[in-house]
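Counting along the sequence shown from 1, when you hit position 83 you're at 83 in full-length UniProt numbering, and nothing is skipped either side. Every residue, glycine too, gets a C-beta built ideally from N, C-alpha and C. Read the structure below first, then the notes.
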Amino acid sequence: MHTQARFHVPCQTGWRKLLPLSITKRFYLAMVLLVLLHTFLLSGIVHMGFLKKERFERSNDLVAAAVELEKGASAGRWPEASDDISRMYPGLTVGYYSRAQGQFLALRRQEQYRIRVLDYIFSLRSTGISSFSEQEQAELASSLTLLNGTERSEPAFMGWWNSPVLGLVQPIAGEQSLYCVAFVRLTDFHLPVLLRTAEVIVVETILAGILIACAWQIFTRFRAEIEGFGMAAMVDDDQVPPNVLPELNPLVDKVRANSRHIRRVKRNLAREVTKRMQAVNALTTSEARFTKAFHANPHPMCITSMEDGRFIEVNESFLQATGYERDEVIGQQLPELGLIKEERGGAVPGGFPASASPLGAPAVTGAPVQGAFRNIERKITAKRGEARIWLVSAEVIQLEGRACHLYSVNDITEIRKLEGEFARLDRLNLVAQMAAGIGHEIRNPMTTVRGFLQILRAKDELANHWEHFDLMIEELDRANAIISEFLSLAKHKVDDLRLQNLNAIIRALYPLLEADASLGKKAIRLELGPIPETYLGEKEIRQLVLNLVRNGLEAMGEGGELIIRSYREGDAVVLAVCDQGSGISPDALAQLGTPFFTTKEQGTGLGLAVCQNIVVRHRARMTVETGEQGTTFFVHFPCSVDFSQASLSTANNFHYTGF
Numbered sequence: 001m002h003t004q005a006r007f008h009v010p011c012q013t014g015w016r017k018l019l020p021l022s023i024t025k026r027f028y029l030a031m032v033l034l035v036l037l038h039t040f041l042l043s044g045i046v047h048m049g050f051l052k053k054e055r056f057e058r059s060n061d062l063v064a065a066a067v068e069l070e071k072g073a074s075a076g077r078w079p080e081a082s083d084d085i086s087r088m089y090p091g092l093t094v095g096y097y098s099r100a101q102g103q104f105l106a107l108r109r110q111e112q113y114r115i116r117v118l119d120y121i122f123s124l125r126s127t128g129i130s131s132f133s134e135q136e137q138a139e140l141a142s143s144l145t146l147l148n149g150t151e152r153s154e155p156a157f158m159g160w161w162n163s164p165v166l167g168l169v170q171p172i173a174g175e176q177s178l179y180c181v182a183f184v185r186l187t188d189f190h191l192p193v194l195l196r197t198a199e200v201i202v203v204e205t206i207l208a209g210i211l212i213a214c215a216w217q218i219f220t221r222f223r224a225e226i227e228g229f230g231m232a233a234m235v236d237d238d239q240v241p242p243n244v245l246p247e248l249n250p251l252v253d254k255v256r257a258n259s260r261h262i263r264r265v266k267r268n269l270a271r272e273v274t275k276r277m278q279a280v281n282a283l284t285t286s287e288a289r290f291t292k293a294f295h296a297n298p299h300p301m302c303i304t305s306m307e308d309g310r311f312i313e314v315n316e317s318f319l320q321a322t323g324y325e326r327d328e329v330i331g332q333q334l335p336e337l338g339l340i341k342e343e344r345g346g347a348v349p350g351g352f353p354a355s356a357s358p359l360g361a362p363a364v365t366g367a368p369v370q371g372a373f374r375n376i377e378r379k380i381t382a383k384r385g386e387a388r389i390w391l392v393s394a395e396v397i398q399l400e401g402r403a404c405h406l407y408s409v410n411d412i413t414e415i416r417k418l419e420g421e422f423a424r425l426d427r428l429n430l431v432a433q434m435a436a437g438i439g440h441e442i443r444n445p446m447t448t449v450r451g452f453l454q455i456l457r458a459k460d461e462l463a464n465h466w467e468h469f470d471l472m473i474e475e476l477d478r479a480n481a482i483i484s485e486f487l488s489l490a491k492h493k494v495d496d497l498r499l500q501n502l503n504a505i506i507r508a509l510y511p512l513l514e515a516d517a518s519l520g521k522k523a524i525r526l527e528l529g530p531i532p533e534t535y536l537g538e539k540e541i542r543q544l545v546l547n548l549v550r551n552g553l554e555a556m557g558e559g560g561e562l563i564i565r566s567y568r569e570g571d572a573v574v575l576a577v578c579d580q581g582s583g584i585s586p587d588a589l590a591q592l593g594t595p596f597f598t599t600k601e602q603g604t605g606l607g608l609a610v611c612q613n614i615v616v617r618h619r620a621r622m623t624v625e626t627g628e629q630g631t632t633f634f635v636h637f638p639c640s641v642d643f644s645q646a647s648l649s650t651a652n653n654f655h656y657t658g659f
């Protein structure tokens with residue numbers, strides 16, 4: 001096991017912030033500060049020593065001056081003695097004091113200051129012998145408390161900052177009121193000391209400058225050594241001289257080894273980062289492509305969670321197809337939106353039947369993800385109530401770590417309508433072919449039979465069978481009418497097509513229609529508006545109106561009222577037949593117009609088929625609206641239309657809306 005060394009790093013953040021310098025500069029600055037501190041401390045110590053020395057020397061000078069003053073007084077040479085002694089001891093104030101007179105006698109002082117530099121002495125200030133005024137003498141007398149003494153004394157120290165600093169007053173032998181006075185004033189005491197201290201400071205400053213210059217050279221070289229060490233540590237080069245801080249060579253070797261390892265890791269990391277960046281870019285590009293393909297897809301698409309079937313994302317085509325807003329869909333399920341109803345067989349989350357996918361229950365963690373399916377037909381109810389038919393395909397995808405269904409929808413509603421219309425047209429075509437093929441073959445025998453029945457009925461011996469003959473003739477006429485309807489389905493042109501007014505045809509039919517309504521205790525009301533003339537075949541329009549009106553009358557109970565309207569709508573003349581029946585059921589509505597489809601016990605199922613064929617031949621369009629309050633058939637006749645054979649269309653002209 002390796003023991004990890006622990007080093008204590010002192011908190012040096014504060015002064016490093018104040019001095020953001022390199023280590024060599026910090027060392028150099030610290031050394032300069034130490035040298036200066038040493039110089040200042042030494043200067044202070046020397047100054048204190050000089051003060052003590054000056055005090056000692058001045059005390060001795062005061063004693064010697066006092067002795068000389070006493071000798072001069074004994075010889076009677078007071079002024080001359082004061083002058084001589086002041087010359088002998090520059091900086092001392094000497095003289096005599098008479099207590100009887102209360103004043104100084106022959107008080108003298110000579111200022112002379114010198115400074116020594118090595119063995120040379122320089123005179124800085126030198127003045128002659130000076131005397132004192134009466135005011136100065138009075139001030140000195142008041143400050144010298146020693147003048148009251150009567151015995152010999154030692155020099156007295158009065159304080160470093162008092163003036164005088166040192167003083168000596170002693171009586172002259174044989175004289176009762178005469179004293180010899182010697183003292184040192186403040187300036188005369190401190191100025192020589194300051195000069196001596198300045199001499200030492202000058203010498204110390206010169207030495208400090210020399211030391212600082214030498215330190216600068218040393219630390220400059222040390223800095224170069226440190227920089228060389230740093231370069232040696234950074235450069236993986238065995239040719240770097242080993243004498244660059246040889247004590248740190250083991251550290252250099254370790255740093256080099258770590259540097260080589262770091263470079264290898266860096267290269268590997270760079271390759272890995274490049275790969276990851278390429279993968280991220282590829283993923284970003286893929287997601288961008290998927291997003292564009294998803295949201296710009298013309299087919300409705302959505303993503304739902306396999307866990308709870310809630311919508312996670314939908315595209316704009318899905319919203320347009322369903323009529324919902326995005327905020328209404330996200331987080332909801334298909335049954336909650338009312339788009340699809342759950343079936344008895346169960347439903348996959350999201351509303352699609354379990355039979356449509358291998359996945360019949362929500363996905364659980366750890367379970368295999370299944371559930372992809374293709375082209376499952378589902379009936380969807382849009383927000384506006386419109387029924388749509390979707391062909392749904394799904395794929396299982398992983399989105400943010402959870403299994404989801406990606407649904408792609410193909411709206412086949414129009415295809416299914418076209419398929420139904422094609423089937424209806426095929427049936428109509430079949431009926432037309434049958435009618436054209438067998439109509440004449442059946443009518444000829446029937447005409448013969450009807451003629452012989454009429455001959456037999458005219459014989460008197462068969463008079464008791466007239467009722468039977470009438471019934472047979474009536475049934476033959478009924479069969480002939482059905483054949484006529486068959487033949488009308490095979491027609492492609494309108495007979496007697498001419499420009500005429502629809503209202504005139506309706507008014508001509510009104511008595512017959514009113515008679516039919518009266519038989520069932522019902523009523524018919526006309527609401528005919530101003531309309532332009534259009535190309536119509538009168539016989540076929542009469543048959544169209546009769547069929548629609550009789551169907552409406554049969555759908556109503558006693559007391560019901562049927563309304564026939566005509567009005568202009570844009571570039572079309574509209575015929576509307578409105579009854580007050582109970583409406584048409586959705587199942588019957590889907591089969592409306594199909595030949596032989598009827599809900600009546602005695603019906604043939606050809607009435608609406610014939611009406612539809614008449615509408616097609618007139619290049620018109622029929623629609624129906626039905627509900628619990630009744631049913632309305634609308635026939636839109638175009639005011640301008642090309643009736644050439646080439647323009648005949650077999651497209652679906654029958655549109656309806658129901659419950």
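task: Would you grab the beta carbon distance between I564 and T626 for me? Rounded to a whole angstrom, and I think it's under 8 Å.
output: That belief does not hold up - the Cβ atoms of I564 and T626 are roughly 17 Å apart, past 8 Å.
- request: Can you tell me which of the three DSSP states R260 falls into?
  value: Judged by DSSP in its simplified three-state form, R260 adopts helix.
field: Nearest to V573 (by Cα), restricted to the options H636, G607, A588
entry: Among H636, G607, A588, the Cα nearest to that of V573 is on H636.
- prompt: For the putative contact between V409 and P300, defined by C-beta atoms under 8 Å, what is the C-beta separation to the nearest angstrom?
  reply: A Cβ-Cβ separation of about 4 Å places V409 in contact with P300 under the 8 Å criterion.
query: Per the contact definition of three or more C-beta pairs closer than 8 Å, is the stretch 418 to 431 in contact with the stretch 460 to 477?
result: No: fewer than three Cβ pairs fall under 8 Å.
task: Count the CB pairs spanning the stretch 403 to 418 and the stretch 299 to 318 that are closer than 8 Å, and state whether there are at least three.
output: The stretch 403 to 418 vs the stretch 299 to 318: in contact.
Cutoff 7 Å; reference P368; Cβ partners in own chain excluding five residues on either side: With a pLDDT of 33 at P368, under the threshold of 50, the predicted position of this residue should be treated as unreliable, though the coordinate-derived value follows. No residues qualify anywhere along the chain.
- request: Tell me the start and end of each unbroken beta strand (DSSP E) in the stretch 383 to 463 that is at least 3 residues and wholly inside, in chain order.
  value: Within the stretch 383 to 463, the complete beta strand (DSSP E) runs of at least 3 residues are 387 to 399, 402 to 411.
query: How is M306 classed by DSSP in three states: helix, strand or coil?
result: Coil, per DSSP.
message: What residue range does the beta strand (DSSP E) around I85 cover?
response: For I85, no beta strand (DSSP E) segment is defined; the enclosing uninterrupted segment is the alpha helix (DSSP H) at 78 to 88.
query: So, using beta-carbon positions, are H47 and T205 closer together than 7 Å?
result: Their beta carbons are not under 7 Å apart, which means H47 does not touch T205 by this criterion.
query: To the nearest angstrom, how far is it from the Cα of L548 to the Cα of R289?
result: Cα-Cα distance, rounded: 57 Å.
task: Kindly indicate which residue of N249, I312, G91, L606 has the alpha-carbon position closest to the one of R326.
output: When C-alpha distances from R326 are compared across N249, I312, G91, L606, the shortest belongs to I312.
task: Would you kindly work out how many angstroms separate the C-alpha atoms of E561 and D460, rounded to a whole number?
output: One C-alpha to the other measures close to 48 Å.
field: Of the listed residues A321, S177, E628, L62, nearest to Q580 (C-alpha basis)
entry: Ranking A321, S177, E628, L62 by Cα distance to Q580 puts E628 first.
- prompt: Where do the ends of the alpha helix (DSSP H) carrying R26 lie?
  reply: Element bounds for R26: 23 to 74.
query: In this structure, does DSSP put I201 in helix, strand or coil?
result: DSSP places I201 in helix when its eight states are reduced to three.
task: From the DSSP output, in three-state form, read off A590 for me.
output: Residue state, collapsed to three classes: helix.
message: Could you tell me the alpha carbon to alpha carbon distance between L211 and R87, rounded to whole angstroms?
response: When rounded, the distance between both Cα atoms is 43 Å.
query: Which class does S640 belong to by DSSP, given the choice of helix, strand or coil?
result: DSSP places S640 in coil when its eight states are reduced to three.
- prompt: In three-state DSSP terms, what is G607?
  reply: Under the three-state reduction of DSSP output, G607 falls in the helix class.
query: CA-CA distance, L546 and L513?
result: Taking the straight line joining both Cα atoms gives about 7 Å.
task: Alpha carbon to alpha carbon, how far is L476 from M446? Give it in angstroms, no decimals.
output: One C-alpha to the other measures close to 7 Å.
Beta-carbon proximity of V202 to F50, cut-off 7 Å: Cβ distance not < 7 Å, so V202 and F50 don't count as in contact.
query: Is the stretch 71 to 84 in contact with the stretch 30 to 46, if contact means three or more CB pairs nearer than 8 Å?
result: The stretch 71 to 84 vs the stretch 30 to 46: no contact.
query: Beta-carbon separation of L339 and I380 under 7 Å?
result: Result yes, Cβ atoms of L339 and I380 sit closer than 7 Å.
F290 - DSSP class collapsed to helix/strand/coil: Reduced to three states, the DSSP call for F290 is helix.
message: Does A572 come out as helix, strand or coil in the three-state DSSP assignment?
response: A572 sits in a strand when the DSSP states are folded into three classes.
query: Per DSSP, I172 forms a beta bridge with which residues?
result: DSSP links I172 through a beta bridge to no other residue.
message: With a threshold of 8 Å, are at least 3 pairs of Cβ atoms found where one atom belongs to the stretch 29 to 42 and the other to the stretch 211 to 222?
response: Flag = yes, the stretch 29 to 42 and the stretch 211 to 222 touch.
query: DSSP state of H330, grouped into three classes?
result: In the sequence as displayed, the identity of residue 330 is Ile instead of His. DSSP places I330 in coil when its eight states are reduced to three.
query: What do you reckon, are the CB atoms on R384 and G323 nearer than 7 Å?
result: Contact annotation: R384 and G323 have beta-carbon atoms nearer than 7 Å.
- prompt: From what residue to what residue does the beta strand (DSSP E) around A523 run?
  reply: Taken as a continuous stretch (DSSP letters only), the beta strand (DSSP E) holding A523 covers 523 to 528.
- prompt: Of the residues R621, F294, S133, L608, which one's Cα is nearest the Cα of E569?
  reply: If we check each option's Cα against that of E569, R621 comes out closest.
- prompt: Expressed to the nearest angstrom, what Euclidean distance is found between the alpha-carbon atoms of T623 and A394?
  reply: Answer to the nearest angstrom: the Cα atoms are 37 Å apart.
- request: Pair every Cβ in the stretch 527 to 541 with every Cβ in the stretch 551 to 560, then say whether three or more of these pairs are closer than 8 Å.
  value: Counting C-beta pairs with one atom in each stretch, the stretch 527 to 541 and the stretch 551 to 560 have fewer than three that are closer than 8 Å, which means they do not touch.
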